[in-house]
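*Asks:* I am attaching a structure below and will ask some questions about it afterwards.
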Amino acid sequence: MDIQVLLLTIVSTTLVYSAPLIFTSIGGVFSEHSGIVNVGLEGMMVMGAFASVVFNLKMGDTFGAATPWLGLLVGGLVGAAFSLIHAVATINLRTDHIISGTVLNLMAPALAVYLTRLIFQGRGQTDILQHPLATATIPGLSSIPVIGPIFFAKTSLAAYLGIIVSIIAWWILSKTRFGLRLRSVGEHPEAADSVGISVYAYRYAGVLISGFLGGIGGAVMAQSITLNFSATTIVGQGFMSLAAMIFGKWHPVGAMGAAVFFGFAQSLAIVGKYIPVIRAMPDVIFTVAPYLITIIVLVAFIGNARMPAADGSTFVKSK
Amino acid sequence: MNETPAIEIHHLVKAFGDFKANDDVSINFYSGQVHALLGENGAGKSTLMNMLSGILRPTSGQILVKGKEVHLHSAKDASALGIGMVHQHFMLVGAFTALENIILGSEPTHAGRLNFKLARKRVEEILSRYDLDVDLDAKVDDISVGMQQRVEIVKVLYRNADVVIFDEPTAVLTPQEIEDLLDIMRKLAGEGKAVLLITHKLQEIRAVADTTTIIRRGKVIGTVKTADKSAEELATMMVGHEVDFKLDKVKHEEGPAILSIKNLNVVDKQKVKRVTDFSLDIHGGEIVGLAGIDGNGQSELVQALTGLITPTSGTITIAGKDTTHATPRQIIRSGVGHIPEDRQRYGLILPMTVIDNMGMMTYTEEPLSKHGILNQPAAVKMTKELTQKFDVRTSSITNTAGSLSGGNQQKLIIAREMSRDPQLLIAMNPTRGLDVGAIEFIHQQILNAREAGRAVLLVSYELDEIKQLADRIAVVHAGKLVATENADDLTEQQIGLLMAGEDLKDKEAVPNAD
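Residue numbers (the working numbering), protein chains in the order written: chain A, 356 to 674; chain B, 147 to 660.
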């Protein structure tokens with residue numbers, strides 16, 4: 356295998372595997388900057404994945420090539436709706452954020468598989484998608500010599516969309532009124548309240564955006580990698596996204612970079628078969644690698660990163 | 147005065163359940179004046195101000211702004227009417243810059259984008275008009291407490307406040323910073339603002355307030371021209387009985403060194419060095435007051451002395467025993483009484499009963515337990531005796547510690563610590579947040595320990611307290627001991643300079659507070 360093909364394969368699989376993590380980790384950034392810890396990202400991805408697959412299978416004939424993209428939107432909306440549970444539990448009912456998020460993670464696969472059985476005549480998994488989120492070649496950019504074919508031919512558009520979203524997210528969080536206020540309720544809700552900012556409204560916004568992006572992350576996963584929905588469509592990607600968010604120090608572009616790194620770890624499992632030195636290693640190492648790297652990164656970085664000061668706190672407005 | 151007051155309050159009542167925090171309060175506040183609200187802790191000053199700033203809603207009564215009745219439902223309502231509050235606990239986001247904090251909630255935008263340029267222009271106008279020094283681009287976490295307070299003030303002015311409320315503004319400041327703040331208040335009043343100052347400190351009121359309203363147990367005792375009353379008269383009105391400002395302090399011989407700290411270095415959990423090469427001896431029969439601004443290593447020093455953190459180097463010797471690496475229990479047994487900084491987190495287990503809390507230090511020993519089995523009757527007997535002796539007021543000793551008032555919680559801790567007759571008493575901010583009665587009692591207990599020949603380390607952010615009690619004053623700045631002098635040899639001004647990290651020798655010139 357010549358070097359250019361190898362690089363192309365590494366880059367494109369990295370992007371494909373990182374795309375779901377990029378969206379979801381940026382979602383986590385929004386939630387946590389508003390002060391709500393979101394370990395429920397995994398569950399939100401499950402619901403997004405499920406919804407997009409159902410939409411893709413049922414409406415594919417109607418929308419044709421636009422189906423997977425609309426599927427992302429559907430996944431996002433369902434993810435946002437599902438995240439409402441987390442918002443109500445943590446913001447209004449003042450449940451512990453970790454417990455609420457864990458409930459979401461336990462509930463989502465059960466609910467989604469149950470609904471799958473209802474919709475698909477008792478089967479626990481769906482058919483294979485006819486309109487997947489296929490790789491595409493970006494015209495123009497792909498004709499740049501050397502770099503073009505590696506980065507822009509047969510590549511994951513969703514990953515590029517995610518990279519763009521990360522930059523927009525950074526702009527929103529740091530340059531707009533919405534972003535300043537969202538961060539203020541995550542840093543010091545009493546201070547925000549004292550200047551008339553609705554802590555509840557901004558925290559809802561943070562959680563719903565995370566649900567939306569988490570849902571999209573799940574939809575990307577299902578429509579570009581597993582290509583169907585079952586109980587094993589989302590297996591830890593939500594937690595990896597959470598890890599990416601921490602690795603990226605709660606910064607959307609940092610989270611995106613970390614997600615790409617985790618995507619690279621996953622791609623090694625696939626590309627490794629073509630690289631002589633790595634090929635010699637046992638398969639189990641590749642399967643375990645992404646999770647192992649996640650743990651190592653978390654242990655190494657969680658101590659150093661500064662999380663939003665009031666992340667995980669509850670806020671009670673005085674009467 | 148026949149002008150319309152900036153704010154009038156008529157027969158205002160705020161009830162929490164059966165308890166009336168404010169009971170039929172009527173006061174007028176005028177523009178161009180500094181109007182002080184004087185009262186003890188829990189007298190209802192803050193409740194009143196929280197109603198004026200829209201944080202709490204009155205149970206009954208009226209608030210009039212410029213002659214018109216208003217109903218305030220949020221801080222935003224109050225702000226729209228020109229009422230701004232400089233909070234006691236600053237309402238600032240530490241991770242944001244000063245400028246971001248000032249504009250938060252009233253941000254100028256341009257096509258969805260924050261318009262920092264316009265914001266900066268507006269804020270700089272305010273800074274120059276009132277001659278305030280604020281570094282707009284510095285993160286709030288990185289600036290001095292005095293500057294943080296100025297950020298709060300600018301925040302209020304940026305919202306075009308006509309009425310500026312200061313809630314206990316000097317609690318966290320050095321003497322120099324207090325001077326600067328009082329100047330700012332005069333300047334605000336001079337510019338036609340109504341300035342409301344909530345405090346229980348008489349000197350400040352004497353220094354700056356035109357008018358003073360005294361509040362006791364939620365009721366207005368009187369509104370007076372400050373110049374017409376002496377500090378003693380004001381204090382009597384505030385407390386309801388005559389107050390003796392002087393404590394009886396008998397001079398006597400000091401004994402051998404009971405606490406000896408040598409070259410101590412302490413690093414906190416974040417691996418930040420908090421205490422540097424700290425050496426200090428405290429003898430029996432002496433109170434050493436450790437003065438310093440909050441966060442200059444006092445907490446970590448006390449934690450190291452009590453075994454809660456292990457120092458990185460240096461030695462601690464208590465009553466002849468090396469306790470540098472001893473566990474908290476070993477330190478307790480070697481004769482250390484500790485009144486911790488945060489009584490609710492470290493001093494007591496709030497959900498447990500008064501009895502259990504009283505036995506917390508000695509339950510492993512007879513008579514409270516034998517062979518690991520608790521002797522409840524003995525604990526009850528001891529608790530009854532001690533609550534009586536130390537005047538801990540509770541309807542039953544089986545109540546939880548959390549149900550006691552702050553003063554009684556502190557007395558419970560003091561009863562427990564003093565009853566063990568410790569060689570060394572370490573007291574950190576022992577009277578913080580307590581009223582005059584409780585403060586007198588606690589100060590007397592600390593003096594009693596000294597009388598009995600014990601060594602006392604008094605760490606306090608209140609300079610008055612240190613001046614009143616200490617035989618020697620040690621000043622700490624940035625984790626370093628910068629001075630140890632006999633209490634009479636240092637003026638309050640000098641201590642203030644030392645606390646701010648200034649050098650005394652070349653300090654004939656006017657110091658810069660930052």
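For glycine and all other residues, C-beta sits at the position ideal for the given N, C-alpha and C.
Only a predicted model underlies this, so the values are computations on that prediction, with no experimental measurement involved.
Would you mind telling me which residues of chain B sit closer than 9 Å to K386 of chain A, beta carbon to beta carbon, in chain order?
*Replies:* The amino acid occupying residue 386 of chain A in the given sequence is Ser; Lys does not appear at that position. Neighbours of S386 of chain A on chain B: none; closest Cβ ~17 Å, over 9 Å.
*Asks:* Considering only their Cβ atoms, is the gap separating R489 of chain B from Q590 of chain B smaller than 8 Å?
*Replies:* no
*Asks:* Quick check on DSSP: helix, strand or coil for G292 of chain B?
*Replies:* Residue state for G292 of chain B is assigned as helix, using DSSP reduced to three classes.
*Asks:* Compare the C-beta of V300 of chain B with all C-beta atoms of chain A and state if any pair is closer than 8 Å.
*Replies:* no
*Asks:* Since K212 of chain B sits in a beta bridge, which residues does DSSP pair it with?
*Replies:* Per DSSP, none; premise fails for K212 of chain B.
*Asks:* Under the rule that 16 or more other beta-carbon atoms within 10 Å means buried, what is S542 of chain B, buried or exposed?
*Replies:* exposed
*Asks:* Under 9 Å Cβ-Cβ, which residues of chain B neighbour S539 of chain A?
*Replies:* V239, F242, E246, N247, L250, G251
*Asks:* If we count the other Cβ atoms within 10 Å of its Cβ and call it buried at 16 or more, is F507 of chain A buried or exposed?
*Replies:* buried
*Asks:* Which of the three DSSP states is assigned to K677 of chain B in this structure?
*Replies:* Lying before the first or after the last residue shown, residue 677 of chain B is absent from chain B, which here runs from 147 to 660.
*Asks:* Considering only heavy atoms of the ligand COA, does any lie closer than 7 Å to the CB of H156 of chain B?
*Replies:* Judged by which ligands are present, the structure shown has none, so any question about the ligand COA falls away.
*Asks:* Identify every residue that forms a DSSP beta bridge with R618 of chain B.
*Replies:* B:V434, B:N632
*Asks:* Would you tell me roughly how many angstroms separate the C-alpha atoms of L580 of chain B and V526 of chain B, rounded to the nearest one?
*Replies:* 27 Å
*Asks:* Do you know offhand how far G228 of chain B's Cα is from D567 of chain B's?
*Replies:* 55 Å
*Asks:* Can you name the residues of chain A whose CB is closer than 8 Å to the CB of K222 of chain B?
*Replies:* V550, G551
*Asks:* Near Y509 of chain B, which residues of its chain fall below 6 Å by C-beta distance, leaving aside the five closest residues on each side in sequence?
*Replies:* S515
*Asks:* If I follow the unbroken alpha helix (DSSP H) through T382 of chain B, where does it start and stop?
*Replies:* 377–385
*Asks:* Which bits of chain B does A664 of chain A rub up against, with CB to CB less than 9 Å?
*Replies:* Neighbours of A664 of chain A on chain B, chain order: V239, G240, A241.
*Asks:* Would I499 of chain A be called buried (16 or more neighbouring beta carbons within 10 Å of its own) or exposed?
*Replies:* exposed
*Asks:* Buried or exposed for K653 of chain B, going by 16 or more other Cβ atoms inside 10 Å?
*Replies:* For K653 of chain B, the predicted structure reports a pLDDT of 43, less than 50, and the residue's modelled location is therefore unreliable. A value from the coordinates is still provided. So K653 of chain B ends up on the exposed side.
*Asks:* Given a cut-off of 8 Å on the beta-carbon distance, is the pair I478 of chain B and T469 of chain B in contact?
*Replies:* no
*Asks:* Name, going along the chain, the residues of the segment 593–607 of chain A whose beta-carbon falls closer than 8 Å to a beta-carbon of chain B.
*Replies:* none
*Asks:* Figure out for me which residue from B:E270, B:L334, B:I248, B:H429 has the closest Cα to the Cα of S177 of chain B.
*Replies:* B:L334
*Asks:* With DSSP run on the structure shown, which of helix, strand or coil describes I483 of chain A?
*Replies:* coil
*Asks:* Compare the Cα-Cα distances from D423 of chain B to each of B:E432, B:Q349, B:V413, B:H181 and report the closest residue.
*Replies:* B:V413
*Asks:* From the beta carbon of T531 of chain A, is the nearest beta carbon of chain B less than 8 Å away?
*Replies:* yes
*Asks:* I believe G200 of chain B touches A161 of chain B by the beta-carbon criterion, under 8 Å. Please report the beta-carbon distance rounded to the nearest angstrom.
*Replies:* Between A161 of chain B and G200 of chain B the Cβ distance is about 18 Å, and since that is not below 8 Å, they are no contact.
*Asks:* In terms of residue numbering, what span does the alpha helix (DSSP H) encompassing A198 of chain B cover?
*Replies:* The residue you asked about is not Ala; residue 198 of chain B is Leu in the sequence shown. Unbroken alpha helix (DSSP H) run through L198 of chain B: 191–198.
*Asks:* Can you list, in chain order, the residues of its chain whose CB lies under 7 Å from that of P513 of chain B, leaving out five sequence neighbours each side?
*Replies:* N521, A524
*Asks:* Distance cutoff 8 Å, beta carbons only. Does V654 of chain A sit that close to anything in chain B?
*Replies:* no
*Asks:* When the Cα of Q592 of chain A is compared with those of A:P375, A:T364, A:L363, which residue comes out closest?
*Replies:* A:P375
*Asks:* Examine chain A for any beta-carbon lying closer than 8 Å to the beta-carbon of S225 of chain B, and answer yes or no.
*Replies:* So, interface residue.
*Asks:* Relative to the C-alpha of S425 of chain B, which candidate in B:A629, B:I501, B:D502 has its C-alpha closest?
*Replies:* Residue B:A629 holds the alpha-carbon nearest to the alpha-carbon of S425 of chain B among B:A629, B:I501, B:D502.
*Asks:* Taking buried to mean at least 16 other C-beta atoms within 10 Å of its own C-beta, is H517 of chain B buried or exposed?
*Replies:* exposed
*Asks:* What are the partner residues of R362 of chain B, as DSSP defines its beta bridges?
*Replies:* B:K365
*Asks:* Cutting at 8 Å between CB atoms, please list the residues of its own chain near Y304 of chain B, excluding the five before and the five after it.
*Replies:* I248, I249, S252, R268, V269, I272
*Asks:* If you draw a straight line from the C-alpha of D634 of chain B to the C-alpha of F385 of chain A, how long is it?
*Replies:* 57 Å
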